[in-house]
Amino acid sequence: MRGWADLLLCSTVLVAAWVRTPVGAIARNTVAWVRDTPREDVLASFRTTLPERLEASIASLPGLTADTLASAAPAAGGWTPALRTAAAAHLGADTVTTLVGLDAQDPEAALELHTIGATARDRAISRARAAGAVAPETLDAHARYLSADDARKASEEVSQVLSLATALELAWPVDPAARISSPFGERVHPTLKTKRMHEGVDIPLLVGTPVHAAGSGRVARARTDGVNGMHVIIDHGHRVRSAYCHGSAIHVERGARIDQGTHVMDSGNTGRSTGPHLHFGLRIAGRPVDPAPFRRKLPTPAALPRPDLPVLQSDSEAVSPPASVAPDPAG
Amino acid sequence: MGVLSATDRVAGGLALASATLAQMALVALGVHLAADTVDDGLLHGLLDAMAWADAHLTGSHSALAETLGMPADALLWWTTLPVAPISAGFALMVELAADAAFIGTFLLTPRAVTLDRPRFRRALGVRALVTSLALPGVLIAGAWSLAMAAEDVLPGSPAAPWVAGLLGIAALSRFGFPAWRRAVAALDPPRQWSEGLLPALVMVPIGLLAWMHGTPVWGWLP
Numbered sequence: 001m002r003g004w005a006d007l008l009l010c011s012t013v014l015v016a017a018w019v020r021t022p023v024g025a026i027a028r029n030t031v032a033w034v035r036d037t038p039r040e041d042v043l044a045s046f047r048t049t050l051p052e053r054l055e056a057s058i059a060s061l062p063g064l065t066a067d068t069l070a071s072a073a074p075a076a077g078g079w080t081p082a083l084r085t086a087a088a089a090h091l092g093a094d095t096v097t098t099l100v101g102l103d104a105q106d107p108e109a110a111l112e113l114h115t116i117g118a119t120a121r122d123r124a125i126s127r128a129r130a131a132g133a134v135a136p137e138t139l140d141a142h143a144r145y146l147s148a149d150d151a152r153k154a155s156e157e158v159s160q161v162l163s164l165a166t167a168l169e170l171a172w173p174v175d176p177a178a179r180i181s182s183p184f185g186e187r188v189h190p191t192l193k194t195k196r197m198h199e200g201v202d203i204p205l206l207v208g209t210p211v212h213a214a215g216s217g218r219v220a221r222a223r224t225d226g227v228n229g230m231h232v233i234i235d236h237g238h239r240v241r242s243a244y245c246h247g248s249a250i251h252v253e254r255g256a257r258i259d260q261g262t263h264v265m266d267s268g269n270t271g272r273s274t275g276p277h278l279h280f281g282l283r284i285a286g287r288p289v290d291p292a293p294f295r296r297k298l299p300t301p302a303a304l305p306r307p308d309l310p311v312l313q314s315d316s317e318a319v320s321p322p323a324s325v326a327p328d329p330a331g
Numbered sequence: 332m333g334v335l336s337a338t339d340r341v342a343g344g345l346a347l348a349s350a351t352l353a354q355m356a357l358v359a360l361g362v363h364l365a366a367d368t369v370d371d372g373l374l375h376g377l378l379d380a381m382a383w384a385d386a387h388l389t390g391s392h393s394a395l396a397e398t399l400g401m402p403a404d405a406l407l408w409w410t411t412l413p414v415a416p417i418s419a420g421f422a423l424m425v426e427l428a429a430d431a432a433f434i435g436t437f438l439l440t441p442r443a444v445t446l447d448r449p450r451f452r453r454a455l456g457v458r459a460l461v462t463s464l465a466l467p468g469v470l471i472a473g474a475w476s477l478a479m480a481a482e483d484v485l486p487g488s489p490a491a492p493w494v495a496g497l498l499g500i501a502a503l504s505r506f507g508f509p510a511w512r513r514a515v516a517a518l519d520p521p522r523q524w525s526e527g528l529l530p531a532l533v534m535v536p537i538g539l540l541a542w543m544h545g546t547p548v549w550g551w552l553p
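Line by line, the protein sequences give chains A and B. Heads up: the first sequence begins at 1 in our numbering, then just goes up one per residue. Heads up: the second sequence begins at 332 in our numbering, then just goes up one per residue.
This is how it looks when you write it as structure tokens:
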């Protein structure tokens, strides 16, 4: 029976290599190509992966009321209001109770458990531990010991909820009463006369009005160029970045770690701008999103310092750019 | 019993071909586990390098973007686009090269050569050192990857890791160790010390990664 045992063992190894290695994938797809049956998963891998679910979650934010969240689950452990809101928007309000029940302290662990189940997670953690990984409980440390499908599903779910929660914790960079003169979205560019995407919102402000960091993070960029003028980009982590353009003075340096509310810039009229205003942009997972749905979505986490200079209290006081010219589309 | 014995003899007759195929598959599994970190490392390295270039070479591309009527960071954004496919493509090339290099150590070697110390001493050189040290790491990583794959398809029970572990050990002892013995035993004395330096450029890093990330021992050590 030794011949049979060898053959069986050999088949097992071959099947594993066929399924789990790129060499196997090449072989599989060559066979499929020869048989002229294009594989759906191969075609899918060449398509651009867009975080449609994330967009849908952002769109559902206005429908979430405080009552809905309060009835979904009490605030517990690591589940901050932002995380509960993000989970409710992404997975439904009912699921939040389940998630808090799965792990009240570690939202990342709860989201992973909810997505792939305890067995797959426990296996990956024990494998990561056996391989000597540091902090094997974290998804980053044990993701490569999950099956490819589970790893993709878990990291998508966790990262999208964490991104959304990070964005929800942002505050408005200036007085929330200041009006938006040019919203996010497609518009005809006033100087270029072509249809362009406006990847942020424009807030008319007097030159010199202090602009504050919407959230804590690291200054990814603080410099001047001809389009955005003096501008600051802050990386808030979890793939969330905010941008502040057309300033008159920059008060932070690239690489600095800053807190929410830090005075990062004074508004101005530099770069491709024809009127004093702040261009405030928000990017999640590399894609520009409308900052407006995140405005005052949660109780302000930290009171912003009051500006030293007068801020605009109403539309009548606002200094708008000339009607024929709108700010640039830079994010 | 007659039919069983006959088919068993047929299976036995295919032993060399099936064992060689299994050895190749085991190497592919081990190399993949080891090379899994190459893509991530390369991607982050390239993005860090671009962030550095963005900070230090800002004038040129911003000015060019402005001339073209684009947002200042548009050129940088477009340059970052191919980073992911480039790093994934490079990692795939490294993986395929490592597969070829490791499989080449035992694939066309004579089976009958016995492993002995004086013969190995005469063969000492870059090729002998790299083969004897890096190949076991890859084969162990391959057996572990096989055990993980088996555990993934087994129903969740306390016995699953043990069954999967036994399968990995069986594959390692039946195919892994013979592949290593065959590769090391067949080493010829090098004509010059640097013989085998080129494949070593791929085999050494992949072998190290296999020992570091693909062998389930580090977490058990004190």
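In this text, a Cβ means the ideal position worked out from N, Cα and C, and glycines have one as well.
Please identify the residue among the options whose C-alpha is closest to the C-alpha of residue i.
i: Arg295/A; options: Ala143/A, Leu170/A, His246/A, Val207/A; result: Leu170/A
i: Arg522/B; options: Pro467/B, Thr440/B, Val457/B; result: Val457/B
i: His263/A; options: Arg196/A, His212/A, Gly78/A, Asp106/A; result: His212/A
i: Arg452/B; options: Ile434/B, Ala517/B, Asp430/B, Val334/B; result: Ala517/B
i: His544/B; options: Ala17/A, Gly208/A, Gly132/A, Leu205/A; result: Gly132/A
i: Leu439/B; options: Met424/B, Ile471/B, Ala510/B, Leu460/B; result: Ala510/B
i: Ala177/A; options: Ala292/A, Val207/A, Ala86/A, Ala120/A; result: Ala292/A
i: Ser216/A; options: Val201/A, Leu206/A, Val252/A; result: Val252/A
i: Leu466/B; options: Asp370/B, Val548/B, Ala514/B; result: Ala514/B
i: Leu146/A; options: Leu539/B, Leu364/B, Ala346/B; result: Leu364/B
i: Ala148/A; options: Thr95/A, Arg129/A, Ala120/A, Leu168/A; result: Ala120/A
i: Leu282/A; options: Gly200/A, Gly3/A, Ser11/A, Arg123/A; result: Gly200/A
i: Asp447/B; options: Asp519/B, Gly550/B, Leu377/B; result: Asp519/B
Looking only at its chain, what residues have a beta carbon closer than 7 Å to the beta carbon of residue i, apart from the 5 residues adjacent to it on each side?
i: Leu373/B; result: Ser418, Phe421, Ala422
i: Leu360/B; result: Gly473, Ser476, Leu477
i: Pro492/B; result: Glu482
i: Arg244/A; result: It is Tyr, not Arg, that sits at residue 244/A in the sequence shown. Pro173, Val211, His231, Val232, Val264, Met265, Leu278, Phe280, listed in sequence order.
i: Val362/B; result: Glu426, Ala429, Asp430, Phe433, Val469, Ile537
Measuring only the C-alpha atoms, how far is residue i from residue j?
i: Pro22/A; j: Asp367/B; result: 11 Å
i: Ala490/B; j: Leu497/B; result: 11 Å
i: Ile250/A; j: Val535/B; result: 48 Å
i: Glu55/A; j: Arg257/A; result: 29 Å
i: Leu164/A; j: Leu532/B; result: 43 Å
i: Trp79/A; j: Gly237/A; result: 17 Å
i: Lys195/A; j: Arg187/A; result: 6 Å
i: Ser463/B; j: His114/A; result: 45 Å
i: Ala348/B; j: Met355/B; result: 11 Å
i: Ser181/A; j: Ala141/A; result: 45 Å
i: Val207/A; j: Met197/A; result: 25 Å
i: Gly333/B; j: Gly3/A; result: 15 Å
i: Val341/B; j: Cys10/A; result: 15 Å
With DSSP as the reference, label residue i as helix, strand or coil.
i: Leu50/A; result: Because Leu50/A sits at a pLDDT of 39, beneath the cut-off of 50, its placement in the model cannot be relied upon, and the following sentence gives the value as read from the coordinates. It is coil, neither helix nor strand.
i: Ser525/B; result: coil
i: Thr224/A; result: strand
i: Leu43/A; result: With a pLDDT of 48 at Leu43/A, under the threshold of 50, the predicted position of this residue should be treated as unreliable, though the coordinate-derived value follows. In the structure shown, Leu43/A sits in a helix (DSSP, three-state: H, G or I).
i: Asp150/A; result: helix
i: Ile116/A; result: helix
i: Glu186/A; result: strand
i: His231/A; result: strand
i: His238/A; result: coil
i: Ser181/A; result: coil
i: Ser273/A; result: coil
i: Val264/A; result: strand
i: Asp175/A; result: coil
i: Ala59/A; result: helix
Just to confirm my understanding: we take residue i, look at its own chain, exclude 5 residues before and 5 after, and list those with CB closer than 6 Å. What are they?
i: Ala495/B; result: Ala478, Ala481, Glu482
i: Ala110/A; result: Leu99, Leu102, Asp103
i: Thr270/A; result: Gly229, Met230, His246
i: Ala151/A; result: Ala143
i: Ser353/B; result: Looking at the sequence shown, residue 353/B is not Ser but Ala. Result list for Ala353/B: Phe506, in chain order.
i: Ser336/B; result: none
i: Ala459/B; result: Leu518
Along the alpha helix (DSSP H) that carries residue i, what are the first and last residues, could you check?
i: Glu426/B; result: 414-435
i: Gly3/A; result: 2-20
i: Arg554/B; result: Any question about residue 554/B goes unanswered here, given that chain B covers just 332 to 553.
i: Arg453/B; result: 448-453
Return the chain-ordered list of same chain residues with a C-beta closer than 8 Å to the C-beta of residue i, the five sequence neighbours on each side being excluded.
i: Gln160/A; result: Pro51, Arg53, Leu54, Ser57, His90, Ala285
i: Glu108/A; result: Thr138, Leu139, Val158, Leu162
i: Ala350/B; result: Arg505, Phe506, Pro509
i: Arg512/B; result: Leu446
For the beta strand (DSSP E) containing residue i, list its first residue and its last residue.
i: His212/A; result: 210-212
i: Arg283/A; result: 277-284
So with CB distances below 8 Å, who are the chain D contacts of residue i?
i: Leu466/B; result: Protein chains A and B are contained in the structure displayed, whereas chain D is not.
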